[in-house]
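Quick notes on the structure that follows.
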Amino acid sequence: MQKRARTPLSKQAFAKQAFAAALAAGALSLAAQGATAQTPNKNAKLTVGWAEPIDSLNPATTGARNVGPLAMNIFDTLVWLTPEFEVTPHLATKWTVSDDGKTYTFTLREGVTFHDGTPFDAEAVVANIKYITDKATQSKISLGLLGPCGTAEAVDKMTVKFTCATPYAPFLAQLGEPYLGIQSPKAIAEFGKDLALHPTGTGPFAFVSYEPNQSLVLKRNEAYNWGPAAVKHSGPANIAEIKFQIVPNSQARVSQFQSGQSQMMQQTPGVYWNAFQKAGTYTAIPVPISGLGIFAPINASKWPTDDINVRKAIQYAIDKKGVIQLAEAGVFPPSNTPLLKGMTGYDASLEDSYPYDPAKAEESLKKGGWTKSGEFWEKDGKRLAFTINAIATVPSYPLLAQAMQGYLRKIGMDVQVQQLATPAWLAANTSGEMSMTPLQYIGVDPDALHFWFLPNEYFNWSKFSDPQLTKLITEGQQERDPAKRTRIYHEAQKIIMDNAVMMPIRQNIDLVMTSKKLTGVTYAGGGFEYLWAASLAD
38 MQKRARTPLS
48 KQAFAKQAFA
58 AALAAGALSL
68 AAQGATAQTP
78 NKNAKLTVGW
88 AEPIDSLNPA
98 TTGARNVGPL
108 AMNIFDTLVW
118 LTPEFEVTPH
128 LATKWTVSDD
138 GKTYTFTLRE
148 GVTFHDGTPF
158 DAEAVVANIK
168 YITDKATQSK
178 ISLGLLGPCG
188 TAEAVDKMTV
198 KFTCATPYAP
208 FLAQLGEPYL
218 GIQSPKAIAE
228 FGKDLALHPT
238 GTGPFAFVSY
248 EPNQSLVLKR
258 NEAYNWGPAA
268 VKHSGPANIA
278 EIKFQIVPNS
288 QARVSQFQSG
298 QSQMMQQTPG
308 VYWNAFQKAG
318 TYTAIPVPIS
328 GLGIFAPINA
338 SKWPTDDINV
348 RKAIQYAIDK
358 KGVIQLAEAG
368 VFPPSNTPLL
378 KGMTGYDASL
388 EDSYPYDPAK
398 AEESLKKGGW
408 TKSGEFWEKD
418 GKRLAFTINA
428 IATVPSYPLL
438 AQAMQGYLRK
448 IGMDVQVQQL
458 ATPAWLAANT
468 SGEMSMTPLQ
478 YIGVDPDALH
488 FWFLPNEYFN
498 WSKFSDPQLT
508 KLITEGQQER
518 DPAKRTRIYH
528 EAQKIIMDNA
538 VMMPIRQNID
548 LVMTSKKLTG
558 VTYAGGGFEY
568 LWAASLAD
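Going letter by letter, the sequence shown gives residues 38 to 575 in my numbering.
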């Protein structure tokens, strides 16, 4: 017997709205922005100051959050996830879920074509799933989002069925993430390993050109008339062309925006975010990015952070509000729990797990047998010393690392900061050479934890494994009752915090600033900017 699907995140709506409202204090809301919309220029060319280089334009292989919004505008997904985490139709018009939670059957939208003219149908979806699950693809995020539901078959031309090895509660919501954007099966077959240089979807904008570390140019898909109803726009996009100008240097990105060379800027530096809002010259859009926030995994297998007393001392020694003030002008609220507020499974009781308390940090170190006769703590003749790695291409991460370094050195830990290019940073993290590194991870479901804390997962950079935690995360994946899932993730997060293998730092928000002439900028659940409904006036 089949039943109509229900999103497991339905109870998040109120919390998410409250969370977004808190983030938008002092900023213009998206609703207000839309209300002041001007007559659009259908020939308008929009330039966006983009903060980070692109690792890959292939949604199946990228591991970067900042590629998500780019992919969202090129590729459509089977379902559309609203900012309130409601699962709504997109390339799939309806769906059913079997009583045992192992079979998802989707009726697909007719009349959809890829940018290369290939018709969209069930076989196209099947080709995408086979591509993602092929070991040769080396998929990162998208493979994990499929979970145990990596088998798809075409029931008929416009009906596709997914079969899951076990029930998987997050599946529907995660199908709305851009990392599961549907690619042209013709492009997959034709371009192979070069697919990232030929991104071909069904989305509102089509690929024109890409210059590494310089720019990505997209053009309006003139045939587009199948956008998600939840966005409340129809037909092709209003904007004719979008140029994402890659400007990692924060000051250069601000200067470009102030001079009018760009009409939209993401990752606005905190000082300018505060100043621009106060002046009221531009439109501020704080885009809440759900998931684990900005946090730092702490390596539980590498000396000296293999000592739980050291890991706990690190947590007590760092004043998060002070770090955010030093690194980012204090514009972000701190976070103290593995799952951000607004997420299913968020546990307010964990907020006070590690308050800023240098005395407790010293107490923890003494408990671990560390002694301090000079400037730094020592044990067995070895100084308490380690390095915080920071990815060099994201300006805020080195700043956060340096601010954390200051607090840790103040308590007597000989901490250095090392900035690394992306390949070296990834290699250090995956090999276990990393002691601690600030980063972000997005997610629309608490199952995001499995990427970081299940054995053998790519992102298990803390190298922490616990049988009870594994059991709980696995149960959370299969449990479809929201109340039971919440209890499971409360218990799972307590294990994570008790073992101090993750230090939450701050809530994750993309501080987007736009010209007053640009209206209609929206975002999908999870925090992915979407420009289908955007308009740029003369």
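Note that the Cβ used here is the ideal one computed from N, Cα and C, for glycine as well.
Item: E123 versus L212, G86 and D158, residue with shortest Cα-Cα distance; Value: L212
Item: First and last residue of the uninterrupted alpha helix (DSSP H) at Y261; Value: Y261 -> no alpha helix (DSSP H), and no H or E assigned at all.
Item: Delimiting residues of the beta strand (DSSP E) encompassing F294; Value: Unbroken run through F294 is the alpha helix (DSSP H), S287 to Q295; no beta strand (DSSP E).
Item: Inter-residue Cα distance where the pair is Q300 and D575; Value: 12 Å
Item: Exposure label - L555; buried when at least 16 CB within 10 Å; Value: buried
Item: Spatial distance of P236 from Y383 (CA atoms); Value: 36 Å
Item: Straight-line gap, N596 to R348 (C-alpha atoms, nearest Å); Value: Nothing about residue 596 can be read from this structure; the chain reaches only from 38 to 575.
Item: Whole-Å CB distance - T114 paired with I219, under 8 Å assumed; Value: 7 Å
Item: Rounded distance between the beta-carbons of A465 and L476, thought under 8 Å; Value: Wrong, their Cβ atoms sit about 12 Å apart, outside the cutoff.
Item: Sequence-distant residues of its chain with Cβ nearer than 6 Å to V291 (five each side left out); Value: Y309
Item: Bridge partners - Y478, DSSP secondary structure assignment; Value: G330
Item: Bridge-paired residues (DSSP) for M539; Value: P334
Item: Local Cβ density within 10 Å of G562, reported as buried at 16 or more and exposed below that; Value: buried
Item: Run of the beta strand (DSSP E) containing K82, from where it starts to where it stops; Value: K82 to W87
Item: Short Cβ contact (8 Å threshold) for E415 with W407; Value: yes
Item: Residue burial classification, Q251 (beta-carbon count within 10 angstroms, cutoff 16); Value: exposed
Item: Contact belief for L253 with E214 at Cβ below 8 Å, rounded distance in angstroms; Value: Contact doesn't hold; Cβ gap of about 20 Å is too wide.
Item: Limits of the beta strand (DSSP E) - the one that Q579 falls within; Value: The question about residue 579 has no answer, for the chain in this structure spans 38 to 575.
Item: Reference M534; option with closest CA among L234, P432, P392 and A224; Value: P392
Item: Start-to-end residues for the alpha helix (DSSP H) that takes in K397; Value: P395 to K404
Item: Cross-strand partners of I279 (DSSP beta bridge); Value: L83 and L255
Item: Between the CA atoms of A321 and N78 - distance to the nearest angstrom; Value: 22 Å
Item: Of the residues T142, K447, F369 and K409, the one placed nearest P395, counting alpha carbons only; Value: K447
Item: For F199: DSSP bridge partner residues; Value: Y141 and A189
Item: Continuous alpha helix (DSSP H) stretch holding Y444: start and end; Value: S433 to I448
Item: At least three beta-carbon pairs within less than 8 Å, the segment 336-355 to the segment 369-379; Value: no
Item: Cutoff 6 Å; reference G307; Cβ partners in own chain excluding five residues on either side; Value: E365, A366 and V368
Item: K131 - containing beta strand (DSSP E), residue span; Value: A129 to S135
Item: Span separating the alpha-carbon of L107 from that of D92; Value: 12 Å
Item: Residue burial classification, T474 (beta-carbon count within 10 angstroms, cutoff 16); Value: buried
Item: Spatial distance of G148 from S246 (CA atoms); Value: 26 Å
Item: Contacting residues, own chain, Cβ-Cβ under 8 Å from F228 (five flanking each side not counted); Value: L234 and H235
Item: Coil, strand or helix - S246 by DSSP; Value: strand
Item: Limits of the alpha helix (DSSP H) - the one that P90 falls within; Value: It is not in any alpha helix (DSSP H) - P90 carries neither H nor E in the DSSP assignment.
Item: Close-in-space but distant-in-sequence residues of the same chain around N545 (CB under 6 Å, 5 per side omitted); Value: I326, G330, I331 and Q477
Item: Collapsed DSSP secondary structure at Y560 in the structure displayed; Value: strand
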